[in-house]
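Novice: To convert, take the position in the sequence shown, counting from 1, and add 6; that gives our numbering. Here it is: the structure, laid out below.
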Amino acid sequence: MVSCDKKLGVIFDMDGVLVDTGWAHRRAWLDLAEQEGLEISDEFFRRTFGMQNAAILPMLRPGISKEELERLSDWKEQRYRELMQEHLELARGVEALLKDLKRHGFRLAIGSSAPPENLNLFWDRLSLAKWFDARVTKEEITRSKPAPETFLRAAEKIRLTPACCAVVEDAVPGVQAAKAAGMPVVAVTTTRAREDLAQADRIVDSLSQLQASDFLTLLQGRS
7 MVSCDKKLGV IFDMDGVLVD TGWAHRRAWL DLAEQEGLEI SDEFFRRTFG MQNAAILPML
67 RPGISKEELE RLSDWKEQRY RELMQEHLEL ARGVEALLKD LKRHGFRLAI GSSAPPENLN
127 LFWDRLSLAK WFDARVTKEE ITRSKPAPET FLRAAEKIRL TPACCAVVED AVPGVQAAKA
187 AGMPVVAVTT TRAREDLAQA DRIVDSLSQL QASDFLTLLQ GRS
């Protein structure tokens with residue numbers, strides 16, 4: 007067993023977990039596809055949601071150059087931010103859960119595959135700094151989800167071992183990344199069907215179904 011010195015952590019994905027953004031990402035991808043002559047199906051979007059653009063775009067345009075990848079990625083993210091400007095609010099149940107976790111002494115982090123500009127869109131206007139002790143975004147990692155690097159880096163930033171941290175995710179690559187990092191994971195069905203998330207340790211339909219005690223139970227026996 008690993009000693010956590012009575013300190014535990016929870017690492018939250020951002021898109022589809024803390025904020026309802028799936029619709030805006032989908033619209034931005036479809037707008038990009040229309041502009042660039044790409045083919046993006048609903049199934050492709052669902053399957054790749056939670057992955058970095060650098061992993062997604064080569065699937066859509068094999069052999070894409072680095073310059074073209076960056077251009078298309080930047081356009082898509084700028085379009086996403088335009089769409090989200092008037093919809094800046096935390097998802098249902100988020101604030102109550104964050105408050106409960108902090109009251110019980112949890113260290114909290116955001117582990118996202120998004121560029122920092124996307125998180126910055128919410129950071130001040132939703133007062134995220136008062137809840138989160140650390141954040142990890144695209145520019146800090148070299149391998150995106152389902153690789154575990156995002157969550158391992160987040161655990162390092164809140165000064166906890168992976169065994170002392172749980173993850174909250176909505177995407178299959180995110181669930182896989184948490185498992186690869188050695189962290190128990192709660193999946194929320196905001197962007198994927200329950201059966202797609204079967205690898206998670208627990209599945210909920212909303213964060214309003216969770217309390218700090220659920221994470222204490224989830225991490226029990228690891229510390």
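Glycine is no exception: its CB is placed at the ideal position from the N, C-alpha and C atoms.
Check whether the Cβ atoms of Gly15 and Thr197 sit closer than 8 angstroms, and answer yes or no.
Specialist: Stepping through the sequence shown from its first residue, residue 15 is reached at position 9. Stepping through the sequence shown from its first residue, residue 197 is reached at position 191. For Gly15 and Thr197, no; Cβs fall outside 8 angstroms.
Novice: Under DSSP, the beta strand (DSSP E) around Phe18 begins and ends at which residues?
Specialist: Reading the sequence shown from its first residue, position 12 is the one you call residue 18. Element bounds for Phe18: 15 to 18.
Novice: What do you reckon, are the CB atoms on Pro168 and Thr143 nearer than 8 angstroms?
Specialist: Counting from one through the sequence shown, the residue named residue 168 turns up at place 162. Counting from one through the sequence shown, the residue named residue 143 turns up at place 137. No. Outside cutoff.
Novice: Which residue comes first and which comes last in the alpha helix (DSSP H) that contains Ala172?
Specialist: Counting from 1 along the sequence shown, the entry for residue 172 is found at position 166. First-last for Ala172: 171 to 175, but that is the beta strand (DSSP E), not the alpha helix (DSSP H).
Novice: Indicate the three-state DSSP secondary structure (helix, strand or coil) for Ile209 in the structure shown.
Specialist: Position 203 of the sequence shown, counted from the start, is the residue given in the question as residue 209. Strand, per DSSP.
Novice: Mind listing, in chain order, the continuous alpha helix (DSSP H) runs of no fewer than 4 residues lying wholly within the region 63 to 96?
Specialist: You should have 72 to 90.
Novice: Using DSSP with H/G/I as helix, E/B as strand and the rest coil, what is Arg113?
Specialist: As a working note, residue 113 is residue 107 in the sequence shown. Three-state DSSP puts Arg113 in a strand.
Novice: Tell me whether Arg141 sits in a helix, a strand or coil according to DSSP, three-state version.
Specialist: Sequence index remark: in the sequence shown, residue 141 carries index 135 (1-based). In the structure shown, Arg141 sits in a strand (DSSP, three-state: E or B).
Novice: Applying the 10 Å Cβ sphere with the 16-neighbour rule, what's the burial state of Glu95?
Specialist: Counting from 1 along the sequence shown, the entry for residue 95 is found at position 89. Under this definition Glu95 is an exposed residue.
Novice: How many Å lie between Gln58 and His110 at the Cα?
Specialist: Taking the sequence shown and counting its residues from 1, one reaches residue 58 at position 52. Taking the sequence shown and counting its residues from 1, one reaches residue 110 at position 104. Straight-line Cα distance between these residues: approximately 33 angstroms.
Novice: How would you write the range of the alpha helix (DSSP H) that Val178 sits in, first residue to last?
Specialist: Indexing the sequence shown from 1 puts residue 178 at position 172. Unbroken alpha helix (DSSP H) run through Val178: 178 to 186.
Novice: Going straight from the alpha carbon of Trp115 to that of Ile17, what length do you get?
Specialist: Here residue 115 refers to the residue found at position 109 of the sequence shown. Here residue 17 refers to the residue found at position 11 of the sequence shown. Per the sequence shown, the amino acid found at residue 115 is Ala instead of Trp. Distance between the alpha carbons of Ala115 and Ile17 is about 5 angstroms.
Novice: Going by CA-CA distance only, name the one from Phe50, His93, Leu107 that's closest to Asp220.
Specialist: For this step, residue 220 is matched to residue 214 along the sequence shown. Ranking Phe50, His93, Leu107 by Cα distance to Asp220 puts Leu107 first.
Novice: In this structure, does DSSP put Asp21 in helix, strand or coil?
Specialist: Working through the sequence shown from its first residue, we reach residue 21 at position 15. Three-state DSSP puts Asp21 in a strand.
Novice: Cα separation between Leu222 and Gly69?
Specialist: Along the sequence shown, one-based indexing puts residue 222 at 216. Along the sequence shown, one-based indexing puts residue 69 at 63. Each residue's alpha carbon lies about 46 angstroms from the other.
Novice: Leu78 and Leu89 look like a contact to me (Cβ under 8 angstroms); what is the Cβ gap, rounded to whole Å?
Specialist: Against the sequence shown, residue 78 aligns to sequence position 72. Against the sequence shown, residue 89 aligns to sequence position 83. The Cβ separation is near 17 angstroms, so there is no contact.
Novice: Using a Cβ-Cβ cut-off of 6 angstroms (strictly less than) and excluding sequence neighbours within five positions of Gly180, which residues of its own chain qualify?
Specialist: Residue numbering aside, residue 180 sits at position 174 when the sequence shown is read from its first letter. Excluding sequence neighbours, Gly180 sits near Asp19, Gly56, Lys151.
Novice: Quick one: using the 10 Å Cβ neighbour count with 16 as the cut-off for buried, is Ser118 buried or exposed?
Specialist: As a working mapping, residue 118 is identified with position 112 in the sequence shown. By the 10 Å Cβ count, Ser118 comes out buried.
Novice: Pull up the DSSP beta-bridge partners for Val100, would you.
Specialist: In the sequence shown, counting from the first residue as 1, residue 100 sits at position 94. BP columns for Val100 are empty, so no partner.
Novice: The beta strand (DSSP E) with Ala193 in it runs from where to where?
Specialist: Here residue 193 refers to the residue found at position 187 when the sequence shown is read from its first residue. Start and end: 191 to 194.
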